[in-house]
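Going by the working numbering, the first residue of the sequence shown is number -9, and it counts up by one from there. Don't be surprised by glycine CBs; every beta carbon is placed ideally from N, CA and C. Scroll down for the structure; my scribbles are underneath it.
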Amino acid sequence: MIKERIKKLNETLEVLEYMKKNFDINELKLDKIKQYALKYGIYLSITGIGEIACAYLNEKGIESVSNFKECIAMLGDMKILDRIIVEKLMELMKYRDLLKRPYIEIDILKLYSLLERLDLVKEFIDRITIGIRV
């Protein structure tokens, strides 16, 4: 189950990488469809991180966590993720809370800047993958 989620998250990352390379901010400002695609891709990637974190804990028999932030914090407590990664992922989770509410307007520049954090998602995947093998 985790491997399938990681695969989906990697697919989402590929789309976001494409957007990062091929869409400039001025183009994005003028195109609502591309804005929605960016919002949805970022939402999916952040949600994927949370789902994978919780699924990992679930597979380890840890079911006392109730939300994505707690799952990420627990992975830090277990030393699967280091403190800096945990802090950065917690910051990303705040965007998920905003993105899931369609009536909240998010600055497109801020959203576009999240494309610079794709390496964080990749690092999360790498750490979880190592944790699965151990």
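Query raised in the report: Could you give the C-beta distance for Ile32 and Leu88, rounded to a whole number, given that I count them as a contact under 8 Å?
Result: At roughly 10 Å, the Cβ-Cβ gap does not stay under 8 Å, so Ile32 and Leu88 are not in contact.
Requested in this report: Would you check if there are 3 or more beta carbon pairs closer than 8 Å linking the region 94 to 111 to the region 3 to 15?
Outcome: yes
Query raised in the report: Leaving out five residues before and five after Ile122 in sequence, what residues of the same chain have Cβ atoms less than 7 Å from its Cβ?
Result: Ile(-8)
Query raised in the report: What is the DSSP secondary structure of Ile15, reduced to helix, strand or coil?
Result: helix
Requested in this report: Determine the contact status of Met68 and Gly40, defining contact as a CB-CB distance below 8 Å.
Outcome: no
**Report entry** Best match in Leu3, Thr2, Asn0 and Leu28 for proximity to Ile13 [C-alpha to C-alpha]
**Finding:** In the sequence on display, residue 13 carries Phe and not Ile. Ranking Leu3, Thr2, Asn0 and Leu28 by Cα distance to Phe13 puts Leu28 first.
Requested in this report: Please state whether DSSP places Arg140 in a helix, a strand or coil.
Outcome: There is no way to answer for residue 140, as the model of the chain reaches only from -9 to 124.
Requested in this report: Spatial neighbours of Met80 within its chain, please: CB distance less than 8 Å, with the 5 preceding and 5 following residues excluded, ordered by chain position.
Outcome: Lys59, Ile62 and Ala63
Query raised in the report: Which of helix, strand or coil does DSSP assign to Asp109?
Result: helix
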